[in-house]
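Residue numbers (the working numbering), protein chains in the order written: chain A, 1 to 393; chain B, 1 to 393; chain C, 1 to 393; chain D, 1 to 393.
Using N, Cα and C, we set each Cβ at its ideal position, and we do this for glycine too.
Owing to the predicted nature of the structure, the values given are computational and were not obtained by experimental measurement.
The structure appears below as structure tokens.
Number of protein chains: 4
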Amino acid sequence: MSLAHGRPMVAIPGPSIMPDRVMAAMARPMPNIYDGPLVDMSHSILADLPKVARTESPVFITVSNGHGAWEMAISNTLCRGDKVLVLESGRFAVNWGDLAAVSGVKFEVLAGTERGPVDPAAVEVRLREDIDHEFKAVLVVQTDTATSVTNDIAAVRRALDAAKHPALYMVDCIASLGCERFEMDEWGVDVMVAASQKGLMVPPGLGFVWRNDKAAKAHETADLRTGYWDWSLRRQDEAHYVIYSGTPPISLLFALREALDMLFEEGLDNVWARHGVLAGAVHAAVEAWSIRGGLELNITGAMARSAAVSTILTHEIDPDRLRRVCETEAGLTLGLGIGSFDGRAFRIGHMGHLNPPMLLGTLGTVEAALAAIGAPVGGSGVAAAAAHIGAAL
Amino acid sequence: MSLAHGRPMVAIPGPSIMPDRVMAAMARPMPNIYDGPLVDMSHSILADLPKVARTESPVFITVSNGHGAWEMAISNTLCRGDKVLVLESGRFAVNWGDLAAVSGVKFEVLAGTERGPVDPAAVEVRLREDIDHEFKAVLVVQTDTATSVTNDIAAVRRALDAAKHPALYMVDCIASLGCERFEMDEWGVDVMVAASQKGLMVPPGLGFVWRNDKAAKAHETADLRTGYWDWSLRRQDEAHYVIYSGTPPISLLFALREALDMLFEEGLDNVWARHGVLAGAVHAAVEAWSIRGGLELNITGAMARSAAVSTILTHEIDPDRLRRVCETEAGLTLGLGIGSFDGRAFRIGHMGHLNPPMLLGTLGTVEAALAAIGAPVGGSGVAAAAAHIGAAL
Amino acid sequence: MSLAHGRPMVAIPGPSIMPDRVMAAMARPMPNIYDGPLVDMSHSILADLPKVARTESPVFITVSNGHGAWEMAISNTLCRGDKVLVLESGRFAVNWGDLAAVSGVKFEVLAGTERGPVDPAAVEVRLREDIDHEFKAVLVVQTDTATSVTNDIAAVRRALDAAKHPALYMVDCIASLGCERFEMDEWGVDVMVAASQKGLMVPPGLGFVWRNDKAAKAHETADLRTGYWDWSLRRQDEAHYVIYSGTPPISLLFALREALDMLFEEGLDNVWARHGVLAGAVHAAVEAWSIRGGLELNITGAMARSAAVSTILTHEIDPDRLRRVCETEAGLTLGLGIGSFDGRAFRIGHMGHLNPPMLLGTLGTVEAALAAIGAPVGGSGVAAAAAHIGAAL
Amino acid sequence: MSLAHGRPMVAIPGPSIMPDRVMAAMARPMPNIYDGPLVDMSHSILADLPKVARTESPVFITVSNGHGAWEMAISNTLCRGDKVLVLESGRFAVNWGDLAAVSGVKFEVLAGTERGPVDPAAVEVRLREDIDHEFKAVLVVQTDTATSVTNDIAAVRRALDAAKHPALYMVDCIASLGCERFEMDEWGVDVMVAASQKGLMVPPGLGFVWRNDKAAKAHETADLRTGYWDWSLRRQDEAHYVIYSGTPPISLLFALREALDMLFEEGLDNVWARHGVLAGAVHAAVEAWSIRGGLELNITGAMARSAAVSTILTHEIDPDRLRRVCETEAGLTLGLGIGSFDGRAFRIGHMGHLNPPMLLGTLGTVEAALAAIGAPVGGSGVAAAAAHIGAAL
């Protein structure tokens, strides 16, 4: 029977669940766009976003999704024919390379595994081989939402440094920003890319690119620049609309201002700590369920598991059936495995606006659905998760 | 540490959590109130509300809360000095009597217990003693939100019939309507009172009184009638505003129309069945927790437990501390024990717009908080609840 | 052809157009109702409402519409069989008397005219005749929305004083509060009644009664008291819900808090001045239109015209046709004449959240519709209104 | 004094005023993005958008503003070094050329005047001179929001045909779509670009590009293609997200679906007719005001005036002062003159969700403000506008 008639719980790896405050902010009527409160708010956002990335460097807001932010990063720093090194750890760094390739960028993939992070030692080896410094940039994701790995961004930086390689270090934090610790300046990241709809708790439609002086220098000679993405044209001391290369995304900016307020009210360190505990609860749940072998966390090393998303291998269990029962009978939408995980995994997003009732409700419902389909699970995952959270309260 | 920064879960015994659809409906601008769509909608609501109570009798909508609906029921059917029999099963039937007493109605309480329902046999005995039919009405609640009992409304009717007593049978379903099965006509209820903010999923501010022909007959001689509550003045064939004795409660009517649509889309029998399963999950959870004696369901008989609310005795555990941890650390608001339960119980509301993620999130969070405060609980309640739900999916 | 496809303008005499801020506030989820922010907000509202009435006396918030507030005023101060004097100046004071009569209050109407205010001299004469002080209260409206008159509340007080009559002085400001100057303490008003949906800019569903010490004294012996309305039971130092005689009207309280903030931000004197100018613009428009005799303001004396609503006599013009063209072709909803004005007047509400674009849009559309139906109007009303406003900017 | 405390009227040339229905739709929670209702809705939008452009050709939705849509059009059809002819009629066609130039496109401007439309004869002459067909595309706007001109798109097509020139004909309808008649197929337009925030009544953040088979052919050899904009990659028969090159702009799609429903409910021909009447009212107002020379419509030829925006020259009147009085004293935000019109014009947007109360309120308020600043205006503009509308009702 269907018990789904309540508030839907959507636990996919983005968009995350939006706070009521954010949705209310988005509902404001269109204001004057030439001057006044909107323009002031816009500048306050540009001043606050670097804090979220722990950087002194400026940010550019793109009216686009995350793929658009990828393109802004590429087109502002590279030339046609440039070569980049893509550090594989799932799907999305390679997708970024694919996107760049349409503009004429060549890329080499440093092969990774599906169940663990990028190996910094392998990065160092490959970069040392690149004696002529053909690689103009190294592309990596902090979190890959397909595998649910989190890479050690500081360690990869050390690999570049050890290899004395001048490539730009570009990191995609689309899935991790606002969930996982990220220190742009301390970790030596040159370009960082994010989007609105995950840890930043704003509906999709905004991208973000932070870039340091080294990237600004590369920009000067980049020949992939286009009118829409070009950093030089987006001067903050000119007419307000040039910041957005056209009409500002008003409703989403209202939402973003509110979401940033919420992040700062909680405190970024607290936000990260909260996601750490909640992710730990997911891990505890899957480990309890895995006793009889039915389920397994995809990422084997505990340190490399994402604070924002968990990919769970289902072995003999049909993930589509599990997901269907959750959604139609119980009101819970899970993510499915994508790419090579199709048909053999499901995913739980645990990013953004998330607390114990939401997460334990998700895990409890998965447990109920596992029981309903007769899945061979072991102990109670939700009990383990509740215990994990109880220990942290 | 606080993990509360997500969507707050409010699990109090009303107001319940409002559906997004209902809140969106409420946000519409003020319309023309003299004719047109608002008036049509108003009549559609008056036509649909009797279906929710399973009756052919008409309903009156009060611009008030549930106490106002109580007063409408009393003032339209009784005279100053009339005597009524109040069937105690907690707090609220007596409160209803108290309210009536201010208008000059006398009431006798048929004492009940705190941990079980009204005893129909005792009702029959008392009514048989009332040879002169001094009792003009019998007042009872279907569900008492203090004790979380649910009374057997049909059985009490049989008691009146067995005693051949002509008293009006008045039932308060404020906490139960839309959660618990209720059959006004089949069960021989003369007057039924409800309100918007629980199973009907509409913010507080609307009361409802259904009355059958017998009650309409009593109305003719009632001398407690007042201009605001008087049934005779609220004719549906006159100006629209007389239905509401003044300006209609527009926003709440928009909300109610949407909520009724949701109830009918799901089907009333399905709504009741869903609440039955979810209440069963709460019972399973408390039973699992009770193994070491820490917690106990207040209502001892399984058949008399409410589908809408559960009062849980805490024995050695401090319910205020439990509640505080849930609210400040985890984002869950529990109800506290009221009246004689103050300081020795907490309450979980499980009424209205509720599905497994919401309920299991609530139970999982209670379990985490119990662990956090070192409460002597036994097995995992949330695991038991998930298993209960899993068996029903 | 229909040009109506824009933001509907509803210019009826209440409910008024709600501010976006108010509607957004109303959309918040249900909170904990036992303690915390809701309770704090509730007390802040009780503290602020007297400022709106310019009184040191307390206020009671009813979960009801304005008629419920009427009933609270009556039932808390009078006894069955008491006699009151109703000062006719249209429709609503008499309606108040009719409502009181259902509870057993007797009333005498001091007849008034349809086109002007209550005559204080006549009040004094009638009260002097009441040597035995049979009248326990005098009932009057500040503004009658049928005639659009505004009575001189201070002058009527002086009439009571001159007659040395001890009757309670009860004033209905439902249509005028927040539009028209009102000074409860300075003017010696004993009981004042209002509602949420007009000048207070909150959707209908809340009533308000302010009462001074004299009314509190009368309350002690009143025998019409009922459980729902009784002032004595609504103690602010007890459980929060007793303030509202049951569940508080949460969403509407959220809205009211926001609306009060808006009133105080603007400043009450500025609010009244704004309504004065805007009402003057309506008067200027009708006077311009009236040149050829087509239209006429109902209230002949300029000082007695309401700042909140204008009733406009239509003579040879069919007001239903005018209204239909405005609504279906142009997106403007006008009020119609009610009672004796049915078929010979229309009404423009100009209360609450109103500025020049809204009012001039209303007047301009009426002018366009008058032209469309070939009405014999004189000069341009909207031009006169714009000039009137221009002189005030 | 300030009379501004009502619903703000924002009459700038975009974003336009959003319908309540659209804003409510945008407030829905994030759904499953992989399949189900969102995906169905997405395909319904793709099926319906061509109807708005009167074409059988497909549309691409960009997560961007209008400038992003410009870039999609350019990058999918041209090569580095290609030359295009830009038909000047104000500011925006040249801006489009400037944007293209960043990607390496060369452009020549066919000079136009500030006070009238593109001259099709001059286009024909210039294209005839281009014997080698160096121009790969001709760029023009239907409406320029700086000058408020509307170009004759069909006539320019005839000029291309007469010159037997194979250039792609690309039209920017950002400001005009949904206001002004546009017939993509009948008029032989190859690529059309629009955005969400004007006549389509959706907050900014969506761009649209329609392209016919000829443009699709050009796409095959275009070398400016990038991963984000590339048409070939956005296949509708693949995973839903590729349609949007990444995460779909969920909230704005909800809004767009509602806005399209509104357009179709009214009927596109009726929408255009409504804007024609309302624009005519603006023209009538300015002509009345211009009697004493104070104000003047920028576009001299009546046929070339936009149905969506009017630029009004202010001569001796200070437009900044006029605008400031309107905004701070009366709650009306006007557009200012931009570019060469800075300091000598203001603009009224009359696009999208607009009816007589809104427009007459705008014009009446301008008239009041003109009076307040002592501007030398002639007759009553708002009276003339009301008469114009009255004749059309």
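Just checking: is the beta-carbon of residue 247/A within a distance shorter than 9 Å of some beta-carbon in chain D?
Yes, its Cβ sits closer than 9 Å to a Cβ of chain D.
Residue 287/B versus residue 382/B: straight-line alpha-carbon distance, rounded:
Rounded to the nearest angstrom, the two C-alpha atoms are 11 Å apart.
Thinking C-alpha only, which one of 321/B, 158/B and 245/B is nearest residue 65/C?
Just measuring C-alpha positions, the residue of 321/B, 158/B and 245/B sitting nearest residue 65/C is 245/B.
Which residues in the same chain as residue 345/A place their Cβ atom closer than 8 Å to its Cβ, once the five residues preceding and following it in sequence are excluded?
So the list reads 298, 311, 312, 313, 314, 319, 336 and 337, once near-sequence residues are dropped.
Within the 9 Å Cβ cut-off, does residue 20/B reach chain D?
Yes, its Cβ sits closer than 9 Å to a Cβ of chain D.
Quick one: Cα of residue 68/D to Cα of residue 95/D, how far?
For residue 68/D and residue 95/D, the distance between alpha carbons rounds to 12 Å.
At a Cβ threshold of 9 Å, is residue 63/B touching chain C?
The beta carbon of residue 63/B sits closer than 9 Å to some beta carbon of chain C.
Am I right that residue 377/B and residue 292/B are in contact with their C-beta atoms under 8 Å? What's the rounded C-beta distance?
About 6 Å separates the beta carbon of residue 377/B from that of residue 292/B, a gap short enough to meet the 8 Å contact definition.
I'd like to know whether the C-beta of residue 29/B is nearer than 9 Å to at least one C-beta of chain D.
Taking Cβ atoms only, chain D reaches closer than 9 Å to residue 29/B, which makes this a yes.
Output the distance between the C-alpha atoms of residue 61/D and residue 208/D, rounded to the nearest integer angstrom.
Roughly 5 Å separates the two Cα atoms.
So, for residue 122/A: in the same chain, excluding its five sequence neighbours on each side, which residues have a beta-carbon less than 7 Å away from its beta-carbon?
Contacts found: 110.
Closest Cβ-Cβ distance between residue 70/C and chain B: below 9 Å?
Output row for residue 70/C: interface = yes.
Using a Cβ-Cβ cut-off of less than 8 Å, list which residues of the region 182 to 199 of chain A approach chain D; keep chain order.
Taking 8 Å as the Cβ-Cβ cut-off against chain D, the residues of the region 182 to 199 of chain A that qualify are 195 and 197.
Local Cβ density within 10 Å of residue 131/C, reported as buried at 16 or more and exposed below that
Answer is exposed; the Cβ neighbour count stays below 16.
Contacting positions in the region 213 to 246 of chain D - beta carbon closer than 7 Å to chain A:
For the region 213 to 246 of chain D, which is checked against every Cβ of chain A, the residues closer than 7 Å are 225, 226, 227, 228, 230, 244, 245 and 246.
Using only alpha-carbon positions, find the residue among 160/A, 136/A, 73/A and 203/A that is nearest to residue 192/A.
If we check each option's Cα against that of residue 192/A, 73/A comes out closest.
Look at the alpha carbon of residue 184/C and the alpha carbon of residue 153/C, and state the distance between them as a whole number of angstroms.
Cα to Cα, the separation comes out at about 9 Å.
Tell me whether the beta-carbon of residue 253/A lies closer than 9 Å to the beta-carbon of residue 178/A.
It is not a contact, given that the beta carbons lie outside the stated cut-off.
What is the C-beta distance between residue 49/D and residue 278/C, in whole angstroms, given that I count them as a contact (C-beta under 8 Å)?
42 Å between Cβ atoms; not a contact.
Please tell me whether residue 273/A and residue 1/B are closer than 9 Å, where the distance is taken between their beta carbons.
Yes, they are a contact pair.
Among 369/A, 363/A and 102/A, nearest to residue 222/D - alpha-carbon criterion
Residue 102/A is the option with its Cα nearest to residue 222/D.
Compare the C-beta of residue 7/D against all C-beta atoms of chain C and say whether one is closer than 9 Å.
It does; some Cβ of chain C falls within 9 Å.
What residues from chain C crowd round residue 335/D, counting only those whose CB sits closer than 8 Å?
Result: empty, since nearest Cβ-Cβ is about 15 Å, beyond 8 Å.
With a threshold of 8 Å, are at least 3 pairs of Cβ atoms found where one atom belongs to the region 132 to 141 of chain A and the other to the region 81 to 91 of chain A?
With a cut-off of 8 Å, the region 81 to 91 of chain A and the region 132 to 141 of chain A count as touching, because enough Cβ pairs lie within range.
Nearest residue (CA-CA) to residue 135/A, options 144/A, 22/A and 124/A:
Among 144/A, 22/A and 124/A, the Cα nearest to that of residue 135/A belongs to 124/A.
Exposed or buried, what is residue 235/D when buried is set at 16 or more other beta-carbons lying within 10 Å of its beta-carbon?
Exposed, since its Cβ has fewer than 16 Cβ neighbours within 10 Å.
Cβ atoms of residue 357/D and residue 332/C: under 9 Å apart, would you say?
Taking 9 Å as the Cβ cut-off, residue 332/C and residue 357/D qualify as a contacting pair.
DSSP beta-bridge partners for residue 60/C?
According to DSSP, residue 60/C bridges with 209/C.
Check the C-beta distance from residue 168/C over to residue 215/C and give it rounded, since I have them as a contact under 8 Å.
6 Å between Cβ atoms; contact.
Which of helix, strand or coil does DSSP assign to residue 200/B?
In this structure, residue 200/B counts as coil in the three-state DSSP scheme.
State the CB to CB distance for the pair residue 326/B and residue 224/B, rounded to an integer number of angstroms; the pair is presumed to be in contact (CB under 8 Å).
Your pair residue 326/B and residue 224/B does not check out as a contact, with CB atoms roughly 43 Å apart and the cut at 8 Å.
Mark residue 392/A as exposed unless 16 or more other C-beta atoms lie within 10 angstroms of its C-beta, in which case mark it buried.
Buried.
Can you name the residues of chain B whose CB is closer than 8 Å to the CB of residue 24/D?
What residue 24/D touches in chain B: 24, 27 and 28.
Can you pull the chain D neighbours of residue 353/C, defined as C-beta to C-beta under 8 Å?
The contacting residues are 5, 6 and 7.
Residue 135/A, enclosing beta strand (DSSP E) - first and last residue:
135 to 141 is the extent of the beta strand (DSSP E) around residue 135/A.
Host beta strand (DSSP E) of residue 168/B (start-end)
Looking at the DSSP string, the run of the beta strand (DSSP E) that includes residue 168/B is 168 to 172.
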